[in-house]
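Scroll down for the structure; my scribbles are underneath it.
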Amino acid sequence: MLEIIEIVQSILIIIAAIMFLITAIGLTRLNKDMKNVVYARIHTFGLLDIAAIIAFIGLDEILLAIIYFFLAPVTAHAMANAYYKNEDIVNNVNLEIPEGEDEEVEEESTEKNPFVHPISKLKELKTEDIRDKESEKKFSENFTVSKLEIKEDE
Amino acid sequence: MLVALRVSAHSSVTMGLIGASVLTLGAALALVIFDKMQYIEFNFDIALALMLFGFIGTVVFAYVVGGDD
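Protein sequences appear in the order of chains A and B. The opening position of the first sequence corresponds to residue 1314 in the numbering used here, with each subsequent residue numbered one higher. The opening position of the second sequence corresponds to residue 57 in the numbering used here, with each subsequent residue numbered one higher.
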């Protein structure tokens, strides 16, 4: 009977270890620029919590497993709530975008530093260049240029 | 635990909270495993305290950061 219990405990610990590995790989492969990535991370850590509970059961620490079974969701919810209320600009309409993020401060060229070029003006120049090239292309498509060579002898 | 460290290195406050929470859990689990390996009984008490106070710290910090509601 004791052997069976030990085998079950070992299997539980192996399952927990595999779940830990899956969580670690998933967290490292999660795209940083994804929308709502913090909630996705909290969700992924839910798997880690269950893995820890299974590991505690496998290690014969039932009290810790029961305590963590009730504490883990409360912790995850508190963290998600804090993120939503404080930092989630995408979903929370009541949050204001902090000053300076939506407006770009640009320097303008003065007499002291004449080599400063604002980014917006450079972008405008680039767009003008692109437009000029496009208009040249259109012109070359519509008309053909032919050269007439005249020799001096004639 | 390494992944938790990497997550907690983000600039966001919430990411730091998540990383610290998982680090606490990893430390508690490591203490329990060490307890089973070396038969040191007080490791269990330390793991229990870590989990309880880690939970309290995380919830209180989230409450302070999130606001009064």
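Glycine residues also receive a C-beta, built at the ideal position from the N, C-alpha and C atoms.
Secondary structure note for M93 of chain B: its alpha helix (DSSP H) is the uninterrupted segment 69-94.
Using a Cβ-Cβ cut-off of 8 angstroms, S67 of chain B does not count as an interface residue toward chain A, since no Cβ of chain A sits closer than that to its own.
Exclusion of the five residues before and after L73 of chain B leaves T114, F117, A118 as the residues of its chain whose Cβ lies within less than 7 angstroms of its Cβ.
Annotated three-state conformation of M1314 of chain A is coil, per DSSP. Within chain B, the residues whose beta carbon sits less than 8 angstroms from that of M1392 of chain A are T70, L73, I74, S77, T114, A118, listed in sequence order. K1446 of chain A sits in a helix when the DSSP states are folded into three classes. Just measuring C-alpha positions, the residue of A:K1464, A:K1348, A:A1364 sitting nearest L1325 of chain A is A:A1364. Closer than 9 angstroms at the C-beta level to chain B, one finds these residues of the segment 1367-1382 of chain A: A1368, F1369, L1372, D1373, E1374, L1376, L1377, I1380, Y1381. When C-beta distances to chain A are compared with 8 angstroms, the residues of the segment 84-100 of chain B below that value are A84, L85, V88, I89, K92, F100, in chain order.
Per DSSP, S1459 of chain A lies in no alpha helix (DSSP H) segment and is marked neither H nor E. In the structure shown, A1368 of chain A adopts helical secondary structure according to DSSP, grouped into three states.
Neighbours of T1341 of chain A in chain B, taken as residues whose beta carbon is under 8 angstroms from its own, are V59, R62 in chain order. For K1398 of chain A, the enclosing alpha helix (DSSP H) stretches over residues 1375-1399.
Taking all protein chains in view, the Cβ of N1344 of chain A is surrounded by fewer than 16 other Cβ atoms within 10 Å, so the residue is classified as exposed.
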